[in-house]
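Worksheet: the structure to be examined is printed underneath.
Number of protein chains: 2
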Amino acid sequence: MSSRRNELTRTAARLFAEKGYHGTSIGDLAAAMGVQKGSLYAHIESKADLLWEVAREGSTAFHAALDTVPEEGPVVERIRAALRAHLRVVAEQLDVATVFVREWRYLEGERRDEFVAERRRYEERFRALFREGRELGELRTDLDDATAALLALSAANWAYTWLRPGSRPPKAGASRPGAGGLADGASSPETDDLADRFTALLLDGMRGYASR
Amino acid sequence: MSSRRNELTRTAARLFAEKGYHGTSIGDLAAAMGVQKGSLYAHIESKADLLWEVAREGSTAFHAALDTVPEEGPVVERIRAALRAHLRVVAEQLDVATVFVREWRYLEGERRDEFVAERRRYEERFRALFREGRELGELRTDLDDATAALLALSAANWAYTWLRPGSRPPKAGASRPGAGGLADGASSPETDDLADRFTALLLDGMRGYASR
DNA sequence: CCACCTTCCGAACGATCGTTAGCCTCCACA
DNA sequence: TGTGGAGGCTAACGATCGTTCGGAAGGTGG
Numbered sequence: 221m222s223s224r225r226n227e228l229t230r231t232a233a234r235l236f237a238e239k240g241y242h243g244t245s246i247g248d249l250a251a252a253m254g255v256q257k258g259s260l261y262a263h264i265e266s267k268a269d270l271l272w273e274v275a276r277e278g279s280t281a282f283h284a285a286l287d288t289v290p291e292e293g294p295v296v297e298r299i300r301a302a303l304r305a306h307l308r309v310v311a312e313q314l315d316v317a318t319v320f321v322r323e324w325r326y327l328e329g330e331r332r333d334e335f336v337a338e339r340r341r342y343e344e345r346f347r348a349l350f351r352e353g354r355e356l357g358e359l360r361t362d363l364d365d366a367t368a369a370l371l372a373l374s375a376a377n378w379a380y381t382w383l384r385p386g387s388r389p390p391k392a393g394a395s396r397p398g399a400g401g402l403a404d405g406a407s408s409p410e411t412d413d414l415a416d417r418f419t420a421l422l423l424d425g426m427r428g429y430a431s432r
Numbered sequence: 221m222s223s224r225r226n227e228l229t230r231t232a233a234r235l236f237a238e239k240g241y242h243g244t245s246i247g248d249l250a251a252a253m254g255v256q257k258g259s260l261y262a263h264i265e266s267k268a269d270l271l272w273e274v275a276r277e278g279s280t281a282f283h284a285a286l287d288t289v290p291e292e293g294p295v296v297e298r299i300r301a302a303l304r305a306h307l308r309v310v311a312e313q314l315d316v317a318t319v320f321v322r323e324w325r326y327l328e329g330e331r332r333d334e335f336v337a338e339r340r341r342y343e344e345r346f347r348a349l350f351r352e353g354r355e356l357g358e359l360r361t362d363l364d365d366a367t368a369a370l371l372a373l374s375a376a377n378w379a380y381t382w383l384r385p386g387s388r389p390p391k392a393g394a395s396r397p398g399a400g401g402l403a404d405g406a407s408s409p410e411t412d413d414l415a416d417r418f419t420a421l422l423l424d425g426m427r428g429y430a431s432r
């Protein structure tokens with residue numbers, strides 16, 4: 221893929237994340253590329269192609285991140301690794317992650333079906349960790365693993381709303397205006413820290429020792 | 221407000237939740253109302269008015285739900301009540317909740333500012349519970365309450381993607397096609413159950429007793 | 001030197017967008 | 001009985017939408 225074409229995909233990811241797919245016109249994309257809108261069709265066949273490409277990049281990135289989680293070893297460590305991996309993708313490729321989580325639903329036809337399947341598979345991989353943890357006795361044997369996985373995935377899927385490339389310590393907030401921000405930044409120890417704090421909370425809970 | 225006007229607001233909430241604000245045209249709204257699109261302007265001044273109204277309804281509903289949480293008593297019980305209240309709003313007014321969580325960002329100008337302020341206030345109220353719990357010693361005294369609140373709010377804010385009016389037991393999934401679904405249904409014991417399961421997980425964690 | 005490929009331009013297309021206008025009908029109420 | 005407001009109609013507006021097209025500049029490799 222030519223470098224100009226890739227540049228267009230990056231721009232599309234950024235604008236789709238910022239203003240939404242339907243809120244971004246071909247004209248907006250062209251302006252951001254410093255070009256007339258008709259010129260974009262030297263690179264793409266349709267606007268929908270761009271959404272598809274960015275969404276697929278998201279699928280690839282998140283699955284690849286999960287691939288780095290070992291298949292053996294203590295489940296607790298693997299859950300921590302999975303959460304780290306997920307948050308790292310969000311922090312490093314915030315625009316792509318945003319499209320993956322929020323804008324994918326404007327895909328149409330087979331592409332949408334294919335995306336949904338990949339997304340379900342991702343969640344299933346995540347969930348399997350909790351099920352395995354319960355079955356092996358490393359998590360509570362009475363654990364409702366579906367709910368546990370849902371809780372963990374909620375934190376993961378919501379992260380794009382507050383995680384920033386620079387990865388400052390989070391506020392509890394979730395709403396944040398446009399805030400274009402920098403280009404996708406490097407992951408930081410802070411992102412891993414945050415994932416670990418989530419993991420610790422999920423594992424040990426918030427209740428005081430006294431009332432345990 | 222006339223009944224026809226209210227009907228329009230309901231339709232707008234439904235379509236905005238289903239296809240997104242920018243993905244819903246005035247023509248779509250008119251068709252859903254069984255009317256020519258020009259006729260809608262007997263009720264509104266602009267499409268943006270509808271988004272504003274639905275978003276404000278969301279603010280009102282979520283704040284009102286939090287108002288039912290007692291200001292005294294065990295923090296643990298209040299957290300449970302807050303989570304129940306939130307999920308109940310999502311289950312009972314799914315369309316409005318979806319706009320509140322996902323579509324609000326297409327608000328413009330002062331309205332957007334006002335909405336963001338209300339949303340921040342909501343999150344702050346939520347967060348205060350965890351801070352108070354730590355300060356009173358009812359939660360772990362070493363609790364990172366900002367992260368704890370973020371985790372709880374993530375579950376709450378993500379709920380609109382999987383909670384359904386009928387409120388079946390959840391899958392771990394998060395992606396779901398259009399799925400028009402029924403009109404907003406009544407809340408059920410199941411919704412409260414789910415909130416309680418989240419609360420239990422948040423409080424006591426997933427780790428096995430053996431490894432505590 | 002020529003042929004080709006990439007990239008862009010400028011202009012235009014039909015469609016759809018949100019919104020406005022004037023007119024009509026019907027019903028509640030004085 | 002008459003008046004007015006609520007609600008809807010048809011038609012049209014200017015703007016913007018995604019997309020197409022023919023042509024031209026610029027560089028690369030044969």
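Each protein sequence line maps, in turn, to chains A and B.
Using our numbering, you'd call the opening residue of the first sequence number 221 and step up by one each time.
Using our numbering, you'd call the opening residue of the second sequence number 221 and step up by one each time.
Quick reminder that beta carbons are idealized off the backbone N, C-alpha and C, glycines included.
Where residue i sits in the DSSP three-state scheme
i	result
R339 of chain B	helix
R427 of chain B	strand
L359 of chain B	strand
S374 of chain B	helix
P409 of chain B	helix
H306 of chain A	helix
R354 of chain B	helix
W382 of chain A	coil
D364 of chain A	coil
I264 of chain A	coil
E297 of chain B	helix
L327 of chain B	coil
E334 of chain B	helix
G258 of chain A	helix
E344 of chain B	helix
Cβ neighbour criterion (16 or more within 10 Å) applied to residue i
i	result
D333 of chain B	exposed
E323 of chain A	buried
Q313 of chain A	buried
R341 of chain A	exposed
N377 of chain B	buried
P409 of chain A	exposed
R225 of chain A	exposed
D315 of chain B	buried
M426 of chain A	buried
S374 of chain A	buried
Y261 of chain A	exposed
G240 of chain A	buried
G338 of chain A	Rather than Gly, the amino acid found at residue 338 of chain A in this sequence is Glu. Per the 10 Å Cβ criterion, buried.
G433 of chain A	Because chain A here runs from 221 to 432, residue 433 of chain A falls outside it and cannot be looked at.
T244 of chain A	buried
A394 of chain A	In this prediction, A394 of chain A has a pLDDT of 47, which is less than 50 and means its spatial position is unreliable; what the coordinates show is noted afterwards. Its Cβ being crowded by 16 or more others within 10 Å, A394 of chain A is buried.
T437 of chain A	The structure shown does not extend to residue 437 of chain A, since chain A is modelled only from 221 to 432, so the question has no answer here.
T288 of chain A	exposed
E330 of chain A	exposed
T381 of chain A	buried
Closer than 9 Å at the beta carbon, the chain A residues around residue i
i	result
S245 of chain B	Under the 9 Å cutoff, chain A gives no residues; its nearest Cβ is about 10 Å from S245 of chain B.
A375 of chain B	L370, L371, S374, A375, W378
R360 of chain B	D424, G425, M426, R427, G428, Y429
Y179 of chain B	As shown, chain B starts at 221 and ends at 432. That puts residue 179 of chain B outside it, with no answer to give.
Continuous alpha helix (DSSP H) stretch holding residue i: start and end
i	result
W272 of chain A	267–287
R234 of chain B	223–239
L314 of chain B	314–318
A251 of chain B	246–253
Cβ separation of residue i and residue j, assumed to be a contact under 8 Å, to the nearest whole Å
i	j	result
G278 of chain A	G428 of chain B	Contact doesn't hold; Cβ gap of about 34 Å is too wide.
V310 of chain B	A379 of chain B	5 Å
M253 of chain A	E227 of chain A	7 Å
R354 of chain B	A369 of chain B	Actually they are not in contact, since the Cβ atoms of R354 of chain B and A369 of chain B sit about 10 Å apart, beyond 8 Å.
L349 of chain B	A302 of chain B	6 Å
Chain-ordered neighbours of residue i on chain B, where CB pairs are closer than 8 Å
i	result
L423 of chain A	G425, M426, R427
Proximal residues of chain B, C-beta to C-beta of residue i below 7 Å
i	result
H242 of chain A	G240, H242, G243
D364 of chain A	R417
Neighbouring residues, chain A, relative to residue i (Cβ below 8 Å)
i	result
F418 of chain B	T367, L371
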